[in-house]
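Protein chains in written order, with numbering that gives the first Met the number 0: chain A, 0 to 349; chain B, 0 to 349.
For every residue, glycine included, the Cβ atom is placed at its ideal position computed from N, Cα and C.
Being a predicted model, the structure only gives us computed values, none of them experimental.
2 protein chains.
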Amino acid sequence: MARWLVLLAGGRGERFWPLSRMMHPKQFLTLVGNESMIRTTRDRVKTLVDDAHTWVVTGRDYVEKVRRNLPDIPESQILGEPVGRNTAPSIAWVAAHIAQRDKDGVMIVLPSDHLIQKPIHFRWLAGQALDAAEMMGGFYTFGVVPSHAETGYGYIERNGMAFGDPNILEVRRFVEKPPMEVAEDMVKSGRFLWNSGMFVFRVQEFLEAVAQHLPEIARAVDTLVQQPDRLDTVFAEIPQVSIDHGIMEKVPQVFVLPADIGWDDVGTFAALARHLPRNDEQSAAHGHAIFVDSKNVTAISDGPVVSFVGVQDLYVVATRDAVLILSPERSQDVRQVVQALKEGRHDHLL
Amino acid sequence: MARWLVLLAGGRGERFWPLSRMMHPKQFLTLVGNESMIRTTRDRVKTLVDDAHTWVVTGRDYVEKVRRNLPDIPESQILGEPVGRNTAPSIAWVAAHIAQRDKDGVMIVLPSDHLIQKPIHFRWLAGQALDAAEMMGGFYTFGVVPSHAETGYGYIERNGMAFGDPNILEVRRFVEKPPMEVAEDMVKSGRFLWNSGMFVFRVQEFLEAVAQHLPEIARAVDTLVQQPDRLDTVFAEIPQVSIDHGIMEKVPQVFVLPADIGWDDVGTFAALARHLPRNDEQSAAHGHAIFVDSKNVTAISDGPVVSFVGVQDLYVVATRDAVLILSPERSQDVRQVVQALKEGRHDHLL
């Protein structure tokens, strides 16, 4: 009965173009700190779960990058998907592998490209959730205490205490990304937490839930484990389902640990910009920048020096072959540029 | 008694950083059309003066670039200055060389990085000026009919007709770059023309004026022609003087040919931006750009694709190692960035 770590590393990071690329998505970037996001994510829980018990599920094209970022994880525990099918199939595939060796294990599932600014507190909470899953069973989530009304995240409505533990609350319901008015009301009520996409549960209990609620996926991952050579054909037919929608919203025993952990999914340049130190004129840089009479501008560069003269309220992302100039309000709309490049057959820039 | 062409190609083009670089200034860039500016300048008058009678004076570091741009000009006629000393010494140095072979020649002096959109009309005017200098002597300038009140240029106040020729007017006075109010008044009066920095005169007459008004420079260029090995020491002591200030404003016989020739010195990104075709939202690109909901933005790139999302009123200049984001009103202030890079010892970016 061991503890297992599963890192989800399949993201394509189009919202971070041109910093992220098709072959170099966000989880492999060093956005904050000195290590790639996936390396930082793994190291954050290394005192909880060792490398021998760590699995990564990623896109097939990224397997080599994962190996280079996490060289101590056994190669057989890095699973490469031929196509992305959202989180439920990814996690079920890993769980089926783990179940072959440790039916009684518990697993913690973490996205590999999120920021957590209070890692010690997070590690403690993660330990709590693993303890609870081991002792009591059930499905555990981490609910981030909202700092503002945010329309880009899903929410979790909490209920009362579970097991008499003030750190573990019952979940009343999951709410998908809300409109702004709804988000404001939810945050005001104090009953809602952000769904951080991190989960803890027993391997066997999870696989039983998959068999019950997502039987097609259960059959597919059984086939994958028994006949790994059928990877391409099996994956092609798996439906796209998120673990939130496919499992968490359906199982009865769902709990949330309120988490004041400095979490951010860094899903947009706006999110990244929030984490950069600013000068007196509210400008900030990741990389080399020069500011002349410029206010509230953010430069994110993986090479070129970025210079501003007499401008304000801009994000600029610069690489050697692509530059993006973005209004801070339009941080979500980078995909329109990516789309234009696809349509213009400039795939080498993606 | 031949006609000689002198191209001034010493400019360092700091206002075009990062497109221009210390080792690749504006005269060697292809900003408009398909050829470098110096090549276009030379070709514009090739039916007036052949290569054997063409001289170029440039920075020593640029001699090789001039050769590559103008391979048919005799190498001995490309003069490299160890340091820039403004236009009067450059032109006097070339004139002293020409005088050794052709005391009775006339010369036309052209900056090598200006745009002229009506080249046929300009060629005709240049021929007029050369004819007049050959027949009558005197110092000839081309006065551009102003299209707007511009504070970035010097002005020439015209007087009445000279030699009974309606195309050649006497010059009343030269006016240095004026404040905006003065510029507006001058343009309104209809008596002022922009000083384009292009000149025609007899070689001997020019050298006599140098001897009279700039005797120190006259002695220096005599020494340079007699003892070319003393180039470095002689140049180091030459004073910085412009031909406008040192000669044109002092000699008695100065004439101006009003020139409606589509001239622009393309001295700033604003000037370059004026010459790019714009889309329906007033945006323009030199190089590959993508515009999403962006108005009145200009991209100038020598490689990277530049993408805009939800922004307006910007110039962006992109190269592989440096990106500049500039307010259209601050086109003159690029030098502040160049200065910051110098101070930060980032000379490799200059």
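On a Cα-Cα basis, can you pick out the residue from the options that is closest to residue i?
i, options, result
"Ser306(B)", "Val296(A), Phe290(A) and Val337(A)", "Val337(A)"
"Thr46(B)", "His147(B), Ala125(B) and Phe205(B)", "Ala125(B)"
"Lys102(B)", "Asp292(B), Phe205(B) and Met22(B)", "Phe205(B)"
"Val144(B)", "Trp262(B), Arg11(B), Asp332(B) and Asp301(B)", "Trp262(B)"
"Leu18(B)", "Gly266(B), Val253(B) and Arg218(B)", "Gly266(B)"
"Gly196(B)", "Gln76(B), Ser241(B) and Val186(B)", "Ser241(B)"
"Pro165(B)", "Met134(B), Gly286(B), Ala258(B) and Thr222(B)", "Ala258(B)"
"Glu74(A)", "Thr150(A), Ile90(A), Phe138(A) and Val56(A)", "Val56(A)"
"Gln281(A)", "Leu213(A), Asn295(A), Pro214(A) and Arg100(A)", "Asn295(A)"
"Arg67(B)", "Val202(B), Ala91(B), Gln26(B) and Ser89(B)", "Gln26(B)"
"Gly10(B)", "Arg84(B), Gly189(B) and Ala1(B)", "Arg84(B)"
"Phe350(B)", "His147(B), Arg157(B), His285(B) and Gly151(B)", "No answer is possible for residue 350(B): it lies beyond the span of chain B, which begins at 0 and ends at 349."
"Glu207(A)", "Ala182(A), Gly136(A) and Leu129(A)", "Gly136(A)"
"Val316(A)", "Ser293(A), Ala288(A) and Asp292(A)", "Ala288(A)"
"Glu149(A)", "Asp228(A), Phe234(A), Met179(A) and Ala219(A)", "Met179(A)"
"Asp279(A)", "Leu30(A), Ala269(A) and Ser293(A)", "Ser293(A)"
"Thr40(B)", "Ala98(B), His23(B), Ile107(B) and Ile216(B)", "Ile107(B)"
"Ala270(B)", "Leu192(B), Ala51(B), His120(B) and His147(B)", "His147(B)"
"Leu349(A)", "Pro81(A), Glu328(A), Thr318(A) and Ile246(A)", "Thr318(A)"
"Gly189(A)", "Leu213(A), Tyr154(A) and Ala321(A)", "Tyr154(A)"
"Phe252(A)", "Asp264(A), Arg229(A) and Val199(A)", "The amino acid at residue 252(A) is misidentified as Phe; the sequence shows Gln. If we check each option's Cα against that of Gln252(A), Val199(A) comes out closest."
"Thr53(B)", "Ala161(B), Asp221(B), Leu109(B) and Phe162(B)", "Leu109(B)"
"Ser326(B)", "Phe138(B), Met36(B), Thr297(B) and Lys341(B)", "Thr297(B)"
What residues match up with residue i in a beta bridge as DSSP calls it?
i, result
"Ile246(A)", "None; Ile246(A) has no bridge partner."
"Ala288(B)", "Val305(B)"
"Arg352(B)", "No statement about residue 352(B) is possible, as the shown extent of chain B runs from 0 to 349 and does not include it."
"Trp123(A)", "None, per the DSSP bridge assignment."
"Tyr61(A)", "None, per the DSSP bridge assignment."
"Ala161(A)", "Asp164(A)"
"Tyr139(A)", "Val199(A) and Phe254(A)"
"Ala217(A)", "Answer is none; Ala217(A) lacks a bridge partner."
"Ala132(B)", "Answer by DSSP bridge pairing: none, since Ala132(B) is not bridged."
"Thr53(A)", "Leu4(A)"
"Ala283(B)", "Thr297(B)"
Hey, quick one: how far does the alpha helix (DSSP H) through residue i stretch, first residue to last?
i, result
"Lys187(A)", "Met179 to Ser188"
"Ser89(B)", "Thr86 to Arg100"
"Glu236(B)", "Leu230 to Glu236"
"Glu149(B)", "That residue, Glu149(B), is in no alpha helix (DSSP H); it is neither H nor E in DSSP."
"Asp346(A)", "Taken as a continuous stretch (DSSP letters only), Asp346(A) belongs to no alpha helix (DSSP H), as it is neither H nor E."
"Thr39(B)", "Met36 to Arg43"
"Arg334(B)", "Val333 to Glu342"
Whose Cβ in chain C lies nearer than 8 Å to the Cβ of residue i?
i, result
"Gly58(A)", "In summary, chain C is missing from the structure at hand, where the protein chains are A and B."
What residue does the beta strand (DSSP E) around residue i start on, and which one ends it?
i, result
"Asn166(A)", "Asp164 to Val174"
"Lys294(B)", "Lys294 to Ser300"
"Pro110(A)", "Val105 to Pro110"
"Glu80(B)", "Ile77 to Glu80"
"Ile324(B)", "Ala321 to Leu325"
"Leu4(A)", "Arg2 to Ala8"
Which of the three DSSP states is assigned to residue i in this structure?
i, result
"Pro70(B)", "coil"
"Thr267(A)", "coil"
"Ser195(B)", "strand"
"Glu207(B)", "helix"
"Val253(B)", "strand"
"Ala317(B)", "strand"
"Asp259(B)", "coil"
"Gln311(A)", "strand"
"Val224(A)", "helix"
"Leu114(B)", "strand"
"Glu156(A)", "strand"
"Arg11(B)", "coil"
"Ser241(A)", "coil"
"Arg329(B)", "helix"
"Arg277(A)", "coil"
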